[in-house]
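Below is one structure; the comments refer to it alone.
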Amino acid sequence: MKFQLNGESVEAHPKPGEVLRTVLRDLHQFDVKMGCDAGDCGACTVLLNGNAVHSCLYPAHRLDGAEVTTVAGLGTAEHPHPVQQSFVDAAGYQCGFCTAGLIVTASTLPESADVDTPRLLKNNLCRCTGYRSIHDAICGVSNTEIAPVGDAAGRSVAAPAGMRIATGQEPYTLDFRTTGLLHLAVLGSPHAHARIRSIDTTAAEAIAGVRAVLTHFDSPATLFSTGRHEDRTDDPDDTLVLDAVLRFRGQRVAAIVADSIAIARRARDAIVVEYELIPAVFDPDAARSPGAPLVHPNKGAESRIAAPERNVLAQLHGEMGDVAAALAVADAVVTGTWQTQRINHAALETHSTRGWLDAAGRLVLRTSSQVPFLVRDELCHIFGLAPETVRVFTARVGGGFGGKQELLTEDLVTLAVLKTGKAVQYEFTREDEFTIAPPRHPMRITVTLGALSDGTLTAMHVDELSDTGAYGNHGIGVMFHSVNESISVYRCANKRVDAEAVYTNNLPSGAFRGYGLGQVIFAIESAMDDLARTLDIDPFELRRKNVIVPGDPMITTDAEETSDLLYGSYGLDQCLDLAQSALARPFSTPVPAEPSWAEGTGMALAMIATLPPRGHFADTTVELLASGDYEISVGTADFGSGSTTVHTQLVATRLNTTVDRIKVRQSDTDVTRYDTGAFGSAGVVVAGKALYAAAGKLAGAMLARAAELTAASLPDESLPDASLADAPPGASLPDALAGTPSAPDFDPASTDAGHLVAHGVRRGTRVTTAAELVASGALIADGSHNGTPRSVAFNVHAFRVAVDRATGEVQILQSIQAADAGTVLNPEQLRGQIEGGTAQAIGTALFEELILDGEGRVTTTTFRNYHVPQMADLPVTEVFFAETHDALGPLGAKSMSEAPYNPVAAALANAIRDAIGVRPFELPMSRDRLWRMLAKGTTDV
Amino acid sequence: MDLYELDVIRTAHSRTDLRFAPGEVPLSGGTWLFSEAQPDIRGMVDLTALGWEPITLGETTLGIAGTCTFAELAELTPPELRAAAPGSPFGHRGAVGGRAVGDQVAGGCVTGAGATGESTPSGNSTLGDPSIGRVLSAAIAPEAHPLFWQCATALLGSEKIWRFATVGGNIALSLAAAPMTALGAALDAEALIWTPDGGERRHPVASLVTGNHQNSLAHGEVLRSIEIPLSALTARSGFRRIALSPLGRSGTVVIARVDDSGEAVFTITAGTPRPRQFRFDEVPSARALRNTVLGIDEWFSDPHGAPDWRRAMSALLAEQLRIELGGAA
């Protein structure tokens, strides 16, 4: 059949059952994305005969004669469609994976002023932004600016990839051609706990097009953890690439490598497995009780499991002072038990890896990872490979949020490539994301607080039970982190923590934005709210009275503990003031008039270390190119958090140039020596700091080189006019103009080392161009940072809500977040991080819940059954920044990407409690749950 | 998504093509069929090239073809009556800054037809064939018009889905929350079903659906159309819906109708696995209605709402409609 694709006639021969999206990607139209494959997310939206459609749902047999336009067909970087330009100007994207579909859909919205945008965009999900910036883009609001020479830091410059994203030109993990590519499909365990008694792959292997069937007999014997950290001993060695024992439903039983995914899946059904069932346990409290089935009974001390004999992966039992005694004499005691749920990351790009052997026989993996270096190192460990024989890199990654700090696809692709010698791809389906990708740890948290009548906190007891699922992954780190800053933010003489992370036969839990803090802060800040009520003290005042201030030690329960955590700056006081005054201002949205509606306000705070403990390393380089551009090499993967934008701003500022002159090479083990990775909010404060240092070193080297070159010729009488001197031969007009802002500093009599201008070094009257500087040898400087010492950042969230007592519906009338991020390097991006974190947390608080059936089966396996917030679900959050300057971060900046999530659920719970007089103890605070809370005790239901 | 197990898709051009082999099913819009793996389906017969007129007006009935899309159906409601639908009005293009997005979300409880209080001629219907709009405006009480839009917007899918999803497909899929089941059942529509032997049979939409994802259509049968009696369209009606999120999948949908005869008909879908319908000679008392609704023995349970909440919401929304349609407070 023939159809028109972006104005050109193309031919296709779709197989029965194939959809338009597949046809387009087979034609290398990679701007059309696979987000959900089910018509829920809109990432694959294209125009079909002028109308926006989900190309993943459109049966390809109807295509003959159709006219198809993708985002790349709407416009180009040179001639963008107005909507494409608007998305760039508004910064209406973060990772950008949903952007193509959003722009195509938005291009069809009527011009009229009363367009019902949230309804028309309800099938366009964005997991990053919280939609405010997308709405701005649709309304034509610009949020970005062009920064002058040497003055990029602190300005809202657009992400370097912005126009490429908006025009569909930015490649993601699988957006490139590979000839002879094989596809991998996994046979998942149908049982929650079983041993493979026998496995017969002969029928599967006999199917034409099947290249390999991999089972536990092919697996390396090296135990590892899918969770990745700088120090591999942080995480438990409890996992094999393929294991004969299956500990959760969906765990890999076998992997089929075939010419197409269709063949691989057909062969999957032909594998015959005999299972021996093992008793399973699904409740974490039951799992740690005597007699429970053991998940990892035979693992020794080398696996670093705290107590495998009672399914306990990690534990912390510590006390300072005497909590019982303090509670006994307290004027007020509050206590409660809170339950949080599993949350799916819902990054719109699923986990995926494509691997191959390069001409030199090296293993190359292109993967959707936040941590390419850690993946490389662990693959070398598992497969016994030398680091120089493995290259791991990422293209732009379509969303992370912690979910891609996990080795979920790379190991199987490695095994398959090594086995077949061919290029192999493994792409998670959306269902895989829900059923086997690790969600946020569900936790049960009991908090007891004691205080004097004046509000002085005298006792804190936190008892946490975390379900890590069948494998440890990030379970240890999440548990320890969850009870750290959440507790140490309060000055209290008597503290006790009893925390355990427990194995069950549920799917494994993993790293997620905030790394456990969101769960425990939900409980502690709810309890603090109850304490404020009991003592009749304003909740802001109660916090002011008890939070740590510079000089106070930051203690969980061990006063003797040494730490590299410092007060590089402190803005919690400002955050409390900003949120409180915003909440006190008159607000415009009315409470619904019906008598069943009740209004309430609530707040909560959060502290977070600016990066993970025990080392986080970045080695970077900055090189001057003959063109006058600079090439920076940095390990940080770009998945939309804005780190890369800030990197270009820091370097451009230090080198007195503009961000468009900074060319970025990144997230590739071949490009830089090392980078621990983009997690723990480290992109700015570690890699950014390293780059800033490298840029400083390069500046010095450039001046020295200029001095050498000009020593012979100074003073240069041939260039008497400074403005002419600013224009190197062949320089374009903007280049020449760009150099002028630094002219006021110019002193022709000066014989100092000179200074950097946009295209080289000016020394005296003479400008030595970049080309001249590098003619006698490359100018490249390195910069590193080891991630210590660390600082602390703060967030305070406040809400005003209306709750319908008749239905349980919550309307957010006002949403406020104040953040202490130190120097704000890019206000629009920082705002976007705070809005995005808030949006995810509102999803957690009101809607999202990965539901299991009690026997380890996930029942919410699609977006239509797992409610990621849509535009219609979210308020606009008022964002405020504290004015602080951090002594440790680059130019005084602190990290701010995980942190905004942490206080939100508690603040919302406290506002709901204020409105209805009943305390929510369970997330999500869905309409049916709130209604049931309110209905309890009434006789009529 | 690609349906790997499919061996054949053929396009039907006349009724003689509608003979189904084992494992072969009718394909209409495809918005659900292609949204999930279909391991039991081996073939599909595409109905969309049969050229069925989407909307036909008979002497006593309004016919809606099985292949009529949501978009075509929604056009039956004139624009000025659409403001009452879920999701409107908020987040309008002009509302930048301050509280722009989603803040005025009206929630699941949307205003019904009666509450709009407007009686507007539907001459500005934008149907492809303008004469249909004119004929309808003469034949149908304008108060009934909002139901088409309200039921269309009750679909979880957006307008991108509307363009393909069909009335017949939605009813034949028979999900508890199917809004076309709600529409057809509430208006006493009858399904015209083509049987494999070349004949046809008729069955009320309200009892065609027998449970979530279950109905009484046999293999090889095709839902040709639903026929809505014009008398039902001249009745006063009201619509209420609630979900766990402003535009989420319906937790329960209650539609009430008071006919010229005074008969009051309450229809509940989404909250129950199959449509439940209650007829009263006149608008019932609060107590009678409440007892009737709370007496329903089976409530639906899935991630879109707990059964006890659906039960209570159904009673709440039914009572709101009872008042709206003139019941004593």
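Same order as they appear, the protein sequences are chains A and B. The first sequence runs contiguously to residue 941 in the working numbering. The second sequence runs contiguously to residue 329 in the working numbering. Cβ coordinates follow ideal geometry from the N, Cα and C atoms, glycine included. Just so you know, these numbers come straight off a predicted model, no measurement behind them.
- Residues of the segment 842-868 of chain A with a C-beta atom less than 9 Å from some C-beta of chain B are L846, F847, E849, I851, T859, T860, T862, R864, N865, Y866 and H867, listed in chain order.
- About 28 Å separates the Cβ atoms of P14 of chain A and H81 of chain A, ruling out a contact at the 8 Å cut-off.
- Between R287 of chain B and chain A, the shortest Cβ-Cβ separation is not below 8 Å.
- By the criterion of a C-beta distance shorter than 6 Å, V591 of chain A is surrounded in its chain by W597, E599 and A802, once the five residues flanking it on both sides are discounted.
- Restricted to the segment 855-928 of chain A, the alpha helix (DSSP H) segments that are unbroken, complete and at least 4 residues in length are 904-916, listed in chain order.
- A distance below 8 Å separates the beta carbons of T201 of chain A and A254 of chain A.
- Taking a 10 Å sphere around the C-beta of Q29 of chain A, we find 16 or more other C-beta atoms and assign the residue as buried.
- Excluding sequence positions up to five before and after G162 of chain A, its CB lies within less than 7 Å of the CB of V88, all in the same chain and listed in chain order.
- Using a Cβ-Cβ distance cut-off of 8 Å, the segment 648-664 of chain A and the segment 620-636 of chain A are in contact, since at least three pairs of beta carbons, one from each stretch, lie closer than that value.
- Here N170 of chain B is buried. Its C-beta has 16 or more other C-beta atoms within 10 Å.
- At a cut-off of 8 Å between beta carbons, L247 of chain B contacts chain A.
- By the rule that beta-carbons nearer than 8 Å mark a contact, V53 of chain A touches chain B.
- The three-state secondary structure of L50 of chain B, taken from DSSP, is coil.
- Under the 8 Å Cβ criterion, the segment 368-385 of chain A does not count as touching the segment 493-506 of chain A, having fewer than three qualifying pairs.
- The criterion of a C-beta distance shorter than 8 Å is not satisfied by R396 of chain A and P387 of chain A.
- Exposed is the label assigned to I146 of chain A, since fewer than 16 other Cβ atoms lie within 10 Å of its Cβ.
- Using a 10 angstroms sphere on the CB of S791 of chain A, the tally of other CB atoms reaches 16 or more, which defines it as buried.
- For Y275 of chain A, the uninterrupted beta strand (DSSP E) segment begins and ends at V272 to L277.
- Per DSSP, K33 of chain A is not a residue of any beta strand (DSSP E), being assigned neither H nor E.
- The Cβ atoms of L184 of chain A and V272 of chain A lie no closer than 8 Å to each other.
- Using a Cβ distance threshold of 8 Å, I323 of chain B and A329 of chain B count as a contacting pair.
- Assigned with DSSP and collapsed to three states, V591 of chain A falls in coil, not helix or strand.
- Excluding residues up to 5 positions away in sequence, V209, T210 and G211 lie with their Cβ nearer than 6 Å to the Cβ of R274 of chain B in the same chain.
- Interface flag for Q870 of chain A against chain B is set, since a Cβ pair is found closer than 8 Å.
- DSSP assignment within the segment 483-551 of chain A yields the following whole beta strand (DSSP E) runs of 3 residues or more, N-terminal first: 494-503.
- In the structure shown, R354 of chain A adopts extended strand secondary structure according to DSSP, grouped into three states.
- Here P308 of chain A is not near V502 of chain A, since their CB atoms are 8 Å or more apart.
- Contact between V417 of chain A and L357 of chain A holds: CB atoms are separated by about 6 Å, below the 8 Å threshold.
- Against chain B, the CB of K422 of chain A has no partner CB under 8 Å away; the residue lies outside that interface.
- For T45 of chain A, the residues of chain B that pass the 8 Å Cβ criterion are K160, in the order they occur in the chain.
- Contact with chain A is absent for E75 of chain B, since none of that chain's Cβ atoms lies less than 8 Å from the residue's Cβ.
- The DSSP-derived three-state label of I323 of chain B is helix.
- With distances taken between CA atoms, A153 of chain A lies nearest to A:G642 out of A:G642, A:R800 and A:S776.
- Put simply, the CB of E24 of chain B is far from chain A, with every gap to its CB atoms at 8 Å or more.
- Fewer than three pairs of CB atoms, one per stretch, sit closer than 8 Å, so the segment 281-291 of chain B makes no contact with the segment 234-242 of chain B.
- Here D619 of chain A carries a strand assignment [DSSP, helix/strand/coil].
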